[in-house]
Every structure is written in C-alpha cells, then in structure tokens.
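Asks: So for the sequence shown, full-length UniProt numbering puts the first residue at 1; every next one is plus one. Quick reminder that beta carbons are idealized off the backbone N, C-alpha and C, glycines included. Encoded as structure tokens, here's the structure I'll be asking about.
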Amino acid sequence: MGHTKFFETWTFNRPLPEPFASEVAKAGKKTSMEPGSISKHNHMSRGKRATLHAPTLRALIAVSEIIDGAVTGAFGLQSENGRVKWYCMEYARTVGTIRETRIILYDPIDGRCKGMMKNGTVLSSLPVISDKGGSGKEILMLFAYASLKQGMLHDVEFAAAFERFSEERKKGFPNPEKVMTQAFLLCDNLYRRIENSDSLGVDGIPFDNSCVSLGNVPIITQARLESGYYAPTETSFGIFQVLKSSARKTGRTIADLKNKYRRNFLLTEEERNLVPKLPENYDVPEEVSDILEAVLNTPMRVFMSAGESGTGKTTNARMVAQMLGLPYYSFTCGEGTDEVDLVSSMIPNIGGNKAEETAAFPTYEDMMMDPASALERVTGIYEEEIDKETAFQEILSRIYQKGYQSGQGEKDYIMVESSIVTGCRRPSIIEIQEPSVITKPGTLVRLNGLLDDGASITLTSGEVVRRNPETVILLTTNMGYRGCKGFNESVLSRMRMILYSDPLTSEEMVYRIQKKVTVLEPGMLKKMADAVCAVQKHCRTEMITGGVCGYREYEDWVWAYLVQKDVRKAALRTIVAKAAPEEEEREEIYKTQILTRFTEEPSVKAA
Numbered sequence: 001m002g003h004t005k006f007f008e009t010w011t012f013n014r015p016l017p018e019p020f021a022s023e024v025a026k027a028g029k030k031t032s033m034e035p036g037s038i039s040k041h042n043h044m045s046r047g048k049r050a051t052l053h054a055p056t057l058r059a060l061i062a063v064s065e066i067i068d069g070a071v072t073g074a075f076g077l078q079s080e081n082g083r084v085k086w087y088c089m090e091y092a093r094t095v096g097t098i099r100e101t102r103i104i105l106y107d108p109i110d111g112r113c114k115g116m117m118k119n120g121t122v123l124s125s126l127p128v129i130s131d132k133g134g135s136g137k138e139i140l141m142l143f144a145y146a147s148l149k150q151g152m153l154h155d156v157e158f159a160a161a162f163e164r165f166s167e168e169r170k171k172g173f174p175n176p177e178k179v180m181t182q183a184f185l186l187c188d189n190l191y192r193r194i195e196n197s198d199s200l201g202v203d204g205i206p207f208d209n210s211c212v213s214l215g216n217v218p219i220i221t222q223a224r225l226e227s228g229y230y231a232p233t234e235t236s237f238g239i240f241q242v243l244k245s246s247a248r249k250t251g252r253t254i255a256d257l258k259n260k261y262r263r264n265f266l267l268t269e270e271e272r273n274l275v276p277k278l279p280e281n282y283d284v285p286e287e288v289s290d291i292l293e294a295v296l297n298t299p300m301r302v303f304m305s306a307g308e309s310g311t312g313k314t315t316n317a318r319m320v321a322q323m324l325g326l327p328y329y330s331f332t333c334g335e336g337t338d339e340v341d342l343v344s345s346m347i348p349n350i351g352g353n354k355a356e357e358t359a360a361f362p363t364y365e366d367m368m369m370d371p372a373s374a375l376e377r378v379t380g381i382y383e384e385e386i387d388k389e390t391a392f393q394e395i396l397s398r399i400y401q402k403g404y405q406s407g408q409g410e411k412d413y414i415m416v417e418s419s420i421v422t423g424c425r426r427p428s429i430i431e432i433q434e435p436s437v438i439t440k441p442g443t444l445v446r447l448n449g450l451l452d453d454g455a456s457i458t459l460t461s462g463e464v465v466r467r468n469p470e471t472v473i474l475l476t477t478n479m480g481y482r483g484c485k486g487f488n489e490s491v492l493s494r495m496r497m498i499l500y501s502d503p504l505t506s507e508e509m510v511y512r513i514q515k516k517v518t519v520l521e522p523g524m525l526k527k528m529a530d531a532v533c534a535v536q537k538h539c540r541t542e543m544i545t546g547g548v549c550g551y552r553e554y555e556d557w558v559w560a561y562l563v564q565k566d567v568r569k570a571a572l573r574t575i576v577a578k579a580a581p582e583e584e585e586r587e588e589i590y591k592t593q594i595l596t597r598f599t600e601e602p603s604v605k606a607a
C-alpha cells in the first residue's frame, strides 16, 4: 500500500469499526470503484478505487465525537503573525481504570509531528506505531481537523463529506449503506493527500515520514510543555487541559511593545522626523523581537537579515528604529559601489558661492604716477617710500592670491558624507541594503572598522568618525538571487546575529494583504496566494532562474485585479511577467499554474 508508516499494508488489515465491518462483510470487499466514492485527488491512471482504512475511520469517528462534545478532547492551533506554527490536539480516553490524555502536535511547514501521553502527572511517549502497537490514529485525527479548519490545509471535498459523515454518526448510523459512500471518499481523500502530497502541491498534506519511520513518535519534552511553548493561540473545539499554558504570548503589535523597547534619546527636530511611523497595529515579527532584545540586553549592535524579496526585511528594519525611537537611515548598494561610496560621494555644487564683484585694480598710469597709492588700493596699506618695481610685484602677488581663493569657492563638485557615516555620529538605525550585489572584491571590508567593537572609520578628509555606541547597523540582503555574491568571511564574522527569513506561506500573504485590501473576499485572496506559492514551486522544480515571485508580486496582482477586473490578465502582467525571463517559460507558467486554477473569470466580489 502506502509508504507512510500509518498506511503500510498491515494497517489495512486492522479490524474495521461498526457499522463498516458489517457492510464490508455483506459486500465481500472493502474497496469501491463508484465515482462518488473516489476522491478528486485520486489521480490513478486506470482502475481508480477507494479502500476503507480502519485507523482513518476510527480517527474520523473520534474527531466527530470531540466536535460534538461526546468525548473529552480539544482541537486548536498556535499561530504567529498569521502563520500556523502548530496544529494541536488533545484526546482523552480511559484504558481500564486509567484515564490518559494523548497529545499530538503537527508542524505544517516541515511536515513533522510530536506527541506524548499524560497519565495523571506521569508523562510518557505514545505507543509505537506497528502491527502489534499503535495505529497512528491520533495523527490522522489531527490531519482530519486541519482539513476542516479554514487555512492552509483546508479541503472543500473533505469538509463536505465529513459533515455528512458526522451527521450520520450523531444519529447512530441508521442507514449504513448511505454513509459508506462518505467513508470511502474520506479514506481516499486523506490517503491521497498524504501519500501524494508532493505531486498535489497546495492540495497535499506535507508529512515527513522519517519522524515516525521506526514507529516512534517524537516526544514532547516536559520543559517545553510546561513553558507554554506549544500553547494554542486559538481553540476550535473542546477545552485544552494539558496545552493550556498562556506563558507564550504571540501576535503582539507595535502598540503592545513600544513602551518596553523605547530608549527615549534626546533627538533634534531633524532626527525626530527620521523616526519611522509605521501603523501601530502591525504585528512585531519574531526576528524584530530578537534584535530588540539583543539591543536592550547585550552590547550587540550589528545584524544581518537575509531572505527573499518581499519578506519584510526593510519593514523590519524600520520597525526596529520605530520601536527604539531612533532615526532611520538607509544606504542602497549597487553593482559598482566601491569603498569611497560607502563613506562619501561627490555631487555637483549647484548651491556654490556666488562670484565676488570685480575688484577695482589700479591702472598702468596709476602705477607710474603714484605707486604707493596704487598698492594701497589692492592691499589697503600705504607704504610711502616704496618704489615702482616692488609695488608692481606686490600688486601681482595679491591679485593672484585673490583669484586662487575665489576659484576655491567655486568648485564644480563637493564631497558629501554617506548616510552610513551620518548615522554613526548619533544614535540611529542604519540599514545597508543589498550589499551582496557589490562586484568589487573587498569593498565591504572597508566597513570592518565600523562593524568592530572599536567602531571607527577614517574619511578621505582624514577625519576619524567613531560609531555611536547606541547606533545599530542592519545589513539586509537577498543572497539567493542572480547577481548576488557571497560575503567576505571577515564581514560575516562581524555579524553578531544573522536572521534568515522564510518565504511567506499563502496564509501569511493573505494576512498581510488584508491589512491593505478589504474589498476582496478572503477565499479569492487565498486562491491567488496559493497560485503564487504554486508558481514558486514550479520555478524551483523546473530550475527557472532570473525571475522573482513573492509577496510583492502577489500584492501587485491583487491591486491589478481590482483595477482590471480580470484575474488572469492581471496575473499575466504581474506575477507571470516577473517570474521568468524567457517567453517560453512565462507561457508555461501561465498555462499550467494560472489557467488551470482560474478556468472561469470570477467577478470581483466584496468581502
């Protein structure tokens, strides 16, 4: 059968629960080839069939009982900044005279799960999944909940079939023949979405079978359990008894935390105008919290943030400045940026000194008639006994000096210090954007003096600038993009922390866009976000390089859709146009990833 541990052959030999066992006995088989019994995710090329799976059926019944309150248990999730970190489940059952609670956690990003049992105050691991041990039913229960819950793993087919299945269960399965169709469909749906998650893309349920390949479910440690690390932030059904700690608070905003981190430096009016003013309802990401805690409690002042375009690196830098109450400076690197550019630049002297009025110099006749008076007109000093030759030489010397000084005040270019140097003079946040695109070797090494604890740099004028001890330097970069270079080891060594931003999930994209767009229904936003994730995966699979497809492209697509009222046309000019440099690649993306998802042009519907 399947390669997943709880879909191995022996699991299909487990006894079925009633009334399904009786119905199978009457029919003489536990498979069905009826169209209504087969999931849309079943892509078998021939002989399509659905098979009843005992652990799945027992899981479905248990989920239905928890939702109805017939048994003790709970379902929920822990999310942070709109991103689901854990799906959470508790399931209480009585074994003999012992009351035990089974806890399962599932990370939808890496596809791994954790679990444990609690008997009174005793914590232990879950039974080993094997032909003589556990069946993996608890994991399947959590997958069923995730398929019902609106979000990244929600499945419309599963939710509709489960609703009909659950209604029949509440009645005591009075019509077994009627519920068999739903049982086949639900078993086939979960089996296909787990076993074929890679090929199904966003419709699949990612599961890393290596975490249970030996039958042992990784255990939840007592320390993390008691700290509230896995505490749900949302409860969908039931009441959590074990995962109930609220010690771990998530989803905090700028308004919640601004007083905790604000440093209250005395700033000039110009500096106050440079403090960012992001909306205070913005959530504070974990990366920002980590930087703020480091600045507040340690001498660390130099950080690097790396990730794809549109993951919020610059917004995070501005948020750090706003939370600390410091002016924000940015310096954008380019391919030709060199050592001099990092500290200063030459700009035209468009506001230079005005030319002085023409001086009234003595004439030749003045020199011959009265050399002392002629010299006085130039120097302001009357020397009565001076001869003609000496006066003439002195006049020429003074005229030359005045001309030189006037030329000095009329330079074509003047030197202006960079925002990096300006920010170092006073407490501030300096974001150095895209340093990895610099092509000249060793350019960033010029900044090593500022990145060190000694923190000083010598300008071309000879002035030594020392970095203010409260100035924070943050390098932000897209190291995986074409044209980006690696960093010199000496520069990397001076980064006190390096924070890597993961690509946004479709849920995170929807969460962000809803802060700006409120006129589109969430379902359409989610469908478009899923398409963006599918394009990203297609580009990775087909090794298409030289393009971008991330949150910015998603936001552009949404705005274009609102204007053009045509989601496919809008996609063609936003995400598709930037996803690949070659026309053939763009055509393939459009046909396989856009037209297949938006077969009919939907109208723009209000939320």
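Would you call A391 buried or exposed, if buried means 16 or more other Cβ atoms sit within 10 Å of its Cβ?
Replies: buried
Asks: Report yes if the C-beta distance between L278 and M319 is below 8 Å; otherwise report no.
Replies: Yes, the pair counts as a contact, with Cβ atoms nearer than the cut-off.
Asks: Flag this pair as touching only if the segment 325-335 and the segment 268-284 have three or more C-beta atom pairs under 8 Å; answer yes or no.
Replies: yes
Asks: For L126 and N216, I'd like the C-alpha separation in whole angstroms.
Replies: 8 Å
Asks: Run the CB neighbour count on N316, radius 10 Å, all protein chains shown included, and call it buried at 16 or more, exposed below.
Replies: buried
Asks: With DSSP run on the structure shown, which of helix, strand or coil describes F237?
Replies: strand
Asks: Which value, in whole angstroms, describes the spacing of the CA atoms of P362 and G462?
Replies: One alpha carbon belongs to P362, the other to G462, and they sit about 42 Å apart.
Asks: Is the beta carbon of V532 closer than 8 Å to that of E507?
Replies: no
Asks: What is the residue span of the alpha helix (DSSP H) that F173 lies within?
Replies: Run containing F173: none; DSSP gives neither H nor E here.
Asks: Find the nearest neighbour of G536 within the set G111, I594, Y364, judged by alpha-carbon distance.
Replies: Residue 536 is actually Gln in this sequence, not Gly. That would be I594, whose Cα lies nearest to the Cα of Q536.
Asks: Helix or strand or just coil, what does DSSP make of D110?
Replies: coil
Asks: Can you tell me whether DSSP reads V156 as helix, strand or coil?
Replies: helix
Asks: To the nearest angstrom, how far is it from the Cα of E376 to the Cα of L274?
Replies: 54 Å
Asks: Helix or strand or just coil, what does DSSP make of E357?
Replies: At E357, the pLDDT of 49 sits below 50, so the modelled position is not reliable; the number obtained from the coordinates is stated separately. The answer is coil: DSSP assigns E357 none of H, G, I, E or B.
Asks: K132 to N13, Cα distance in whole Å?
Replies: Going by the C-alpha atoms only, they are around 12 Å apart.
Asks: On the CB-based measure, 16 or more other CB atoms within 10 Å of its CB, does N189 come out buried or exposed?
Replies: buried
Asks: Buried or exposed for G69, please, with buried defined as at least 16 other CB atoms from any protein chain shown within 10 angstroms of its CB.
Replies: exposed
Asks: When the cut-off is 8 Å and only beta carbons count, does R46 lie next to chain B?
Replies: Structure shown: chain B not included; a single protein chain is present.
Asks: Please report how far the alpha carbon of P15 lies from the alpha carbon of A21, in whole angstroms.
Replies: 7 Å
Asks: For Y261, which residues does DSSP report across the bridge?
Replies: Within the DSSP secondary-structure output, Y261 pairs in no beta bridge.
Asks: Does Q182 pass the burial test, meaning 16 or more other C-beta atoms within 10 Å, or should it be called exposed?
Replies: The residue is buried, with at least 16 neighbouring Cβ atoms inside 10 Å.
Asks: Any heavy atom of the ligand NAP closer than 7 Å to the Cβ of A62?
Replies: The model on display carries no ligand, and the ligand NAP is accordingly not part of it.
Asks: What does the alpha-carbon distance come out to for the pair T518 and L525?
Replies: Rounded to whole angstroms, the separation of the alpha carbons of L525 and T518 is 10 Å.
Asks: Along the alpha helix (DSSP H) that carries C61, what are the first and last residues, could you check?
Replies: A small correction: the amino acid at residue 61 is Ile; Cys does not occupy that position in the sequence shown. Taken as a continuous stretch (DSSP letters only), the alpha helix (DSSP H) holding I61 covers 54-68.
Asks: Please identify the residue among E385, A374, D556, V437 whose C-alpha is closest to the C-alpha of T332.
Replies: Closest by alpha carbon: V437.
Asks: With a 10 Å radius around its C-beta and 16 neighbouring C-beta atoms as the bar for buried, classify P108 as buried or exposed.
Replies: The residue in question, P108, is buried, as its Cβ has 16 or more Cβ neighbours within 10 Å.
Asks: Leaving out five residues on either side along the sequence, give the residues of the same chain with a beta carbon under 8 Å from the beta carbon of E23.
Replies: P176, E177, M180
Asks: Using the Cβ count rule (16 or more neighbours within 10 Å means buried), how would you classify M33?
Replies: Of the residues assessed, M33 falls on the exposed side of the cut-off, its CB having fewer than 16 other CB atoms within 10 angstroms.
Asks: Quick one, are the C-beta atoms of L499 and D290 less than 8 Å apart?
Replies: yes
Asks: For A54, count neighbouring Cβ atoms within 10 angstroms of its own Cβ and tell me buried if that reaches 16, exposed if not.
Replies: Its Cβ being crowded by 16 or more others within 10 Å, A54 is buried.
Asks: What whole-angstrom Cβ distance do L140 and A59 have, given they're in contact under 8 Å?
Replies: 4 Å
Asks: Tell me, which residues are paired with F303 by DSSP?
Replies: Residue pairing by DSSP places F303 opposite L474, M497 in a beta bridge.
Asks: So, is T311 buried or exposed, given that buried needs 16 or more other C-beta atoms within 10 angstroms?
Replies: Taking all protein chains in view, the Cβ of T311 is crowded by 16 or more other Cβ atoms within 10 Å, so the residue is classified as buried.
Asks: Can you list, in chain order, the residues of its chain with a C-beta nearer than 7 Å to that of V63? Leave out the 5 residues immediately preceding and following it.
Replies: Leaving aside the five residues that flank V63 on each side, the residues in its chain whose CB is nearer than 7 Å to its CB run, in chain order, M141, A144, Y145.
Asks: Alpha carbon to alpha carbon, how far is I104 from K260?
Replies: 35 Å
Asks: Suppose you measure from the CA of T4 to the CA of K40; what does that come to, to the nearest Å?
Replies: 20 Å
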